[in-house]
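FYI, full-length UniProt numbering numbers position 45 of the sequence shown as 45, with every residue one higher than the one before it.
Structure, as structure tokens:
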Amino acid sequence: MTVWQCFVRGWKGYVKFEGRATRKEFWVFMLVNILLMVLLTGTVATVMALAGNPYGVFYAGMAYTIYALALALPILAVGIRRMHDINRSGWWFGGVYLAGIVSRLLNMILMEYASPETYVWMKITLGIVLGWIPLLVMIYLCCVKSKPAPEADNRIVR
């Protein structure tokens with residue numbers, strides 16, 4: 001499969017959570033979208049700066065946010081399919097999304113009720129436990145070789 005086919009296949013299956021995605025399909029989709037995101041924000045910031053607009057960074061951030069929101073569901077779908085390709089539940093990939101949501105909720109609670117010193121230490125701890133560790137585990141799992149689909153259990157239970 002070519003790079004273009006892998007990229008297009010990721011976008012075509014943007015809400016398809018069943019099935020399998022190869023390592024190549026997953027990584028091409030991710031890396032091309034990261035490259036497009038960098039090019040988009042850089043282009044918007046440069047064009048605004050050349051036009052003399054003092055809010056170029058704001059518009060670049062808006063472009064980044066819109067593109068990231070558009071990517072959220074396709075990345076989740078291709079990630080879940082990638083987990084299926086290594087015979088794991090899609091919740092392994094969804095757990096990274098959930099960890100981010102939990103981290104933000106806990107951060108809001110900490111901002112309201114914790115002392116400044118406690119907030120700093122808990123923010124660092126949350127960043128490691130709910131940010132870096134799930135991310136590194138997910139990168140490792142997405143690099144694992146594909147495994148054959150498990151055979152259906154044809155035994156009749158009586």
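Every residue, glycine too, gets a C-beta built ideally from N, C-alpha and C.
Secondary structure of residue i, DSSP reduced to three states
| i | result |
| --- | --- |
| Gly61 | helix |
| Tyr113 | helix |
| Gly90 | coil |
| Thr125 | helix |
| Pro54 | coil |
| Met1 | coil |
| Arg20 | coil |
| Ser146 | coil |
| Glu25 | helix |
| Val38 | helix |
| Tyr97 | helix |
| Gly79 | helix |
Whole-angstrom distance between residue j and residue i, CA atom to CA atom
| i | j | result |
| --- | --- | --- |
| Met122 | Pro54 | 36 Å |
| Leu141 | Val32 | 19 Å |
| Gly13 | Ile80 | 11 Å |
| Tyr119 | Ile75 | 31 Å |
| residue 163 | Met1 | This structure gives no information on residue 163, because the portion of the chain shown stretches from 1 to 158. |
| Val3 | Trp11 | 13 Å |
| Ala114 | Gly131 | 20 Å |
| Ile109 | Pro150 | 43 Å |
| Leu50 | Glu117 | 43 Å |
| Leu135 | Glu112 | 27 Å |
| Ile133 | Gly52 | 42 Å |
Cβ-Cβ distance between residue i and residue j below 8 Å
| i | j | result |
| --- | --- | --- |
| residue 192 | Gly90 | There is no way to answer for residue 192, as the model of the chain reaches only from 1 to 158. |
| Thr46 | Ala63 | no |
| Val57 | Ala21 | no |
| Leu71 | Val15 | no |
| residue 160 | Met48 | There is no way to answer for residue 160, as the model of the chain reaches only from 1 to 158. |
| residue 209 | Val44 | Absent from the structure is residue 209, since the part of the chain shown begins at 1 and ends at 158. |
Min CB distance residue i to chain D below 8 Å
| i | result |
| --- | --- |
| Ile139 | Among the chains in the structure shown there is no chain D, since it carries only a single protein chain. |
Specify whether the stretch 2-15 and the stretch 24-31 touch according to this definition: at least 3 beta carbon pairs, one from each stretch, less than 8 Å apart. yes
Check whether the stretch 37-45 touches the stretch 92-111, counting contact only when three or more Cβ pairs, one atom from each stretch, lie closer than 8 Å. no
Three Cβ pairs or more, each shorter than 8 Å: is that satisfied between the stretch 72-89 and the stretch 130-146? yes
Specify whether the stretch 101-113 and the stretch 124-137 touch according to this definition: at least 3 beta carbon pairs, one from each stretch, less than 8 Å apart. yes
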